[in-house]
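Heads up: the structure comes next, in C-alpha cells.
Protein chains: 2
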Amino acid sequence: MAAGQGSASGTDGQDTPAPDVAHALAAADARCARAGAQLTELRRQVLGLVLESDQPLGAYALLDKLKALRPGAAPPTVYRALDFLLEQGLIHKVERLNAFVGCVEAGHDHAHGHDHHHPHQFLICRDCGTTVEISDHAVAHALEAAAQRVGFTAIQATVEIEGRCATCSAAA
Amino acid sequence: MAAGQGSASGTDGQDTPAPDVAHALAAADARCARAGAQLTELRRQVLGLVLESDQPLGAYALLDKLKALRPGAAPPTVYRALDFLLEQGLIHKVERLNAFVGCVEAGHDHAHGHDHHHPHQFLICRDCGTTVEISDHAVAHALEAAAQRVGFTAIQATVEIEGRCATCSAAA
DNA sequence: GCCCGCATCGTTATACTGTAACACACATCG
DNA sequence: CGATGTGTGTTACAGTATAACGATGCGGGC
Ligand SMILES: [Zn+2]
Ligand SMILES: [Zn+2]
Ligand SMILES: [Zn+2]
Ligand SMILES: [Zn+2]
Chain A
-12 MAAGQGSASG
-2 TDGQDTPAPD
8 VAHALAAADA
18 RCARAGAQLT
28 ELRRQVLGLV
38 LESDQPLGAY
48 ALLDKLKALR
58 PGAAPPTVYR
68 ALDFLLEQGL
78 IHKVERLNAF
88 VGCVEAGHDH
98 AHGHDHHHPH
108 QFLICRDCGT
118 TVEISDHAVA
128 HALEAAAQRV
138 GFTAIQATVE
148 IEGRCATCSA
158 AA
Chain B
-12 MAAGQGSASG
-2 TDGQDTPAPD
8 VAHALAAADA
18 RCARAGAQLT
28 ELRRQVLGLV
38 LESDQPLGAY
48 ALLDKLKALR
58 PGAAPPTVYR
68 ALDFLLEQGL
78 IHKVERLNAF
88 VGCVEAGHDH
98 AHGHDHHHPH
108 QFLICRDCGT
118 TVEISDHAVA
128 HALEAAAQRV
138 GFTAIQATVE
148 IEGRCATCSA
158 AA
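Written out as C-alpha cells, the structure is:
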C-alpha cells in the first residue's frame, strides 16, 4: 500500500528514493488515524511532495509537481490538501516566502500526543534560501511573557528569522 | 506647510485632524533628510494614509484611498512608495495580513540614531483585528540566542503573535 | 548652454497567490 | 431508498505584487 510512487525517483531527474519520507508518511498516517482524520491519497501525495523537497515549496510549484501524479489538478486541489495538512500540523507555512514545509516534528510519533500546532520558528538563509525549523522553548516563553505583559493572550506565533546560515557565513 | 490636506477630515467621513500624524510626518521628514533620502509628496501622502489608519492597511486599500488624492495612482505607485517607507523603517509589513502599519518608534526622533530596522513584534487580535507593535528586548535576545545556537547569523526577524487582546478577553 | 546620468513617477500589462461556488462520487445511517 | 456529510473535480474569479517602458525633472561635467 505504501508503494505506488515508484515513479518518484525518475520523475524530477533527481534520485529521491526518500526512505525517511516513507517513514514520515507512515507516521502521518498513524497520527491522522488517531485524530480521526483521513489522510487520503491526494493528501498523502501532496504531503509527500512537500517532504521530498529540501526547500519550501510554493502552492503553485507544488501544483506543477502534483500534475505529474494527478493530471486534473487545479489550485483548489492543492490548497485544500494544504489546509488539511496545516490543520493536522503535518506541515507549516512560511509566511515570508508564501511557501510550505514539512514539520520536522511530524516524524516523531512519540513527542506530543496532543493534536497539533507546536510552537516553532524558522531560520531562513538569505543567500542559499535554506529554511530550517527549530522549536526553541526560550523563544516561546519570551513571546508568551511579552504578550502577557500587555494583557494579550497568545494563541499562536509566527516567528521567521532571516539571516545567514552557518554554511553561507563560512563561505564569506 | 503642513497644510494642504485640509480635505482629510471630510474625505472618509471620520474626523481625523491627526495632530500626532502631522508630528510623525515631520519626524519622518527629518529622519529622511538625515539619511539622505527624499520623502517626496507621494511618499508623504502614502505614509500619512498609513498613519491615519488605526488598523493595518493592505496595499490595495491604500491605493483606493490614495486615488482620492492622486487620481492616476496605480499599483506600482503605492508599492514603490511602500518599498521606500519600509527601507527607511517608517512603516512595517504585517506578513500574516499582507498589510502595512506605521512604525510606533518612527515618531521618536531621539532613540536610535542609526538608520532603521529596529527589532519589533506584532500582537494581532483574532477577534477585533487590532494590531499592536511592541519592541521586547527579551524576545529579541531569545531570538538571537536561538539562532546562534545553531550557527545562524540573524539579521532580521518577523514575529507576529496571534491571540486575543485585553479588551476582547475581558468581553469573553 | 548642452548633454548625460540618476531618481522619481506615470502607465500598461502581466505574474503570482488564494478562494468562491457549484457539481459529482461515495459512504454512512435512519 | 432518501438524507446527510466528506472529499474531490471543475470553472471562474478575487487579491497581492512586479516587470517593463516611457516621461519628467534635476544636478554635474563639458
Ligand atoms: Zn513543526
Ligand atoms: Zn545559506
Ligand atoms: Zn517599528
Ligand atoms: Zn481584540
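Residue numbers (our numbering), protein chains in the order written: chain A, -12 to 159; chain B, -12 to 159.
Virtual Cβ for every residue (Gly too), placed ideally from N, Cα, C.
Note that the coordinates shown come from a computational prediction; the quantities given were computed from them, not determined experimentally.
- Item | Proximal residues of chain B, C-beta to C-beta of LEU130 (chain A) below 9 Å | Stepping through the first sequence from its first residue, residue 130 (chain A) is reached at position 143. What LEU130 (chain A) touches in chain B: GLN108, ASP123, VAL126, ALA129, VAL146, ILE148.
- Please list, in chain order, all residues of the same chain as GLY138 (chain A) whose beta carbon is under 7 Å from its beta carbon, the five residues on each side excluded. Counting from one through the first sequence, the residue named residue 138 (chain A) turns up at place 151. None.
- Query: Taking any Cβ of chain A, which residues in the region 22 to 53 of chain B have a Cβ under 8 Å from it, in chain order?
  - Reply: none
- Does the beta carbon of VAL126 (chain A) fall short of 7 Å from some heavy atom of ligand 3? One-based indexing of the first sequence puts residue 126 (chain A) at position 139. Result no, Cβ not under 7 Å from ligand 3.
- Thinking C-alpha only, which one of B:ALA15, B:ALA141, B:GLY116 is nearest CYS90 (chain B)? The residue you call residue 90 (chain B) lines up with position 103 of the second sequence. Checking every option, the nearest Cα to that of CYS90 (chain B) belongs to B:ALA15.
- ARG113 (chain A) (DSSP reduced to helix, strand or coil): Against the first sequence, residue 113 (chain A) aligns to sequence position 126. Coil.
- Message: Measuring only from the beta carbon, is ASP114 (chain B) closer than 7 Å to any heavy atom that is part of ligand 4?
- Response: In the second sequence, counting from the first residue as 1, residue 114 (chain B) sits at position 127. Yes.
- Message: Taking 6 Å as the limit between beta carbons, can you name the residues of its chain near HIS124 (chain A), skipping five residues before and five after?
- Response: Position 137 of the first sequence, counted from the start, is the residue given in the question as residue 124 (chain A). Closer than 6 Å at the Cβ level, and outside the excluded window around HIS124 (chain A), lies no residue.
- Query: Of all Cβ atoms in chain A, is any one closer than 8 Å to the Cβ of PHE175 (chain B)?
  - Reply: This structure leaves residue 175 (chain B) out entirely; chain B is present only between -12 and 159.
- CYS19 (chain A): beta carbon under 7 Å from a heavy atom of ligand 1? Position 32 of the first sequence, counted from the start, is the residue given in the question as residue 19 (chain A). No.
- Can you tell me the Cα-Cα spacing of ALA133 (chain B) and ARG18 (chain B), whole angstroms? By 1-based counting over the second sequence, the position of residue 133 (chain B) is 146. By 1-based counting over the second sequence, the position of residue 18 (chain B) is 31. C-alpha separation (whole angstroms): 33 Å.
- Between the region 52 to 67 of chain A and the region 101 to 117 of chain A, do at least 3 Cβ pairs fall closer than 8 Å? no
- Neighbour list for GLN143 (chain A) in chain B, Cβ cutoff strictly below 7 Å: The residue given as residue 143 (chain A) occupies position 156 in the first sequence. Under the 7 Å cutoff, chain B gives GLU149.
- Message: Strictly below 8 Å CB to CB, what residues from chain B border ASP82 (chain A)?
- Response: Mapped onto the first sequence, residue 82 (chain A) falls at position 95. Per the sequence shown, the amino acid found at residue 82 (chain A) is Glu instead of Asp. Chain B residues near GLU82 (chain A): GLU82, ARG83, THR145, GLU147.
- Tell me whether the beta-carbon of ALA144 (chain A) lies closer than 8 Å to the beta-carbon of GLU147 (chain B). Sequence index remark: in the first sequence, residue 144 (chain A) carries index 157 (1-based). Sequence index remark: in the second sequence, residue 147 (chain B) carries index 160 (1-based). For ALA144 (chain A) and GLU147 (chain B), yes; Cβs fall inside 8 Å.
- Task: Would you verify that the beta carbon of CYS115 (chain A) is, or is not, closer than 8 Å to some beta carbon of chain B?
- Result: Counting from one through the first sequence, the residue named residue 115 (chain A) turns up at place 128. So no, CYS115 (chain A) is outside the interface.
- Message: Taking 7 Å as the cut-off, is the C-beta of ARG185 (chain A) nearer than that to any heavy atom in ligand 2?
- Response: There is simply no residue 185 (chain A) to check, as chain A begins at -12 and stops at 159 in what is shown.
- Message: I want to see whether chain A comes within less than 8 Å of GLY138 (chain B), judged by CB atoms only; does it?
- Response: The residue given as residue 138 (chain B) occupies position 151 in the second sequence. Yes, GLY138 (chain B) lies at the interface with chain A (some Cβ there is under 8 Å from its Cβ).
- Item | Beta carbon shell of ligand 1 at less than 6 Å from a heavy atom | A:HIS79, A:CYS90, A:VAL91, A:GLU92, A:HIS105, A:HIS107, A:GLU120
- chain A contact for CYS19 (chain B) (CB, 8 Å cutoff): Locating residue 19 (chain B) in the second sequence gives position 32, where the first residue counts as 1. Not one chain A Cβ lies under 8 Å of CYS19 (chain B).
- Query: Looking at CYS163 (chain A) and ligand 2, is the gap between the Cβ and the nearest heavy atom below 7 Å?
  - Reply: Past the edges of chain A, shown from -12 to 159, lies residue 163 (chain A), and the structure says nothing about it.
- Task: Kindly give me the distance between the Cβ atoms of LEU110 (chain B) and PHE87 (chain B), rounded to whole angstroms, as I take these residues to be in contact under 8 Å.
- Result: The residue labelled residue 110 (chain B) in the question sits at position 123 within the second sequence. The residue labelled residue 87 (chain B) in the question sits at position 100 within the second sequence. About 16 Å separates the two Cβ atoms, so there is no contact after all.
- Query: Is the Cβ-Cβ distance between ALA129 (chain A) and VAL126 (chain B) less than 8 Å?
  - Reply: Reading the first sequence from its first residue, position 142 is the one you call residue 129 (chain A). Reading the second sequence from its first residue, position 139 is the one you call residue 126 (chain B). Cβ atoms of ALA129 (chain A) and VAL126 (chain B): closer than 8 Å.
- Message: Assuming the contact rule is C-beta atoms closer than 8 Å, THR118 (chain A) and PRO43 (chain A) should be a hit. Round their C-beta distance to whole Å, please.
- Response: To locate residue 118 (chain A), count along the first sequence from 1; it is residue 131. To locate residue 43 (chain A), count along the first sequence from 1; it is residue 56. Their Cβ separation, rounded to whole angstroms, is 5 Å, which keeps THR118 (chain A) and PRO43 (chain A) in contact under 8 Å.
- Task: Tell me whether LEU34 (chain A) sits in a helix, a strand or coil according to DSSP, three-state version.
- Result: As a working mapping, residue 34 (chain A) is identified with position 47 in the first sequence. In this structure, LEU34 (chain A) counts as helix in the three-state DSSP scheme.
- Message: Which same chain residues end up closer than 8 Å to ARG30 (chain A) when comparing Cβ atoms and leaving out the 5 residues on each side of it in sequence?
- Response: By one-based count along the first sequence, residue 30 (chain A) stands at place 43. These residues qualify, in order along the chain: ALA68, PHE71, LEU72.
- Message: Would you say the beta carbon of THR117 (chain B) is closer than 7 Å to some non-hydrogen atom of ligand 4?
- Response: Residue mapping note: residue 117 (chain B) aligns to position 130 of the second sequence, counting from 1. Result yes, Cβ under 7 Å from ligand 4.
- Message: Cutting at 6 Å between CB atoms, please list the residues of its own chain near ARG83 (chain B), excluding the five before and the five after it.
- Response: In the second sequence, the residue the question calls residue 83 (chain B) occupies position 96. GLU147.
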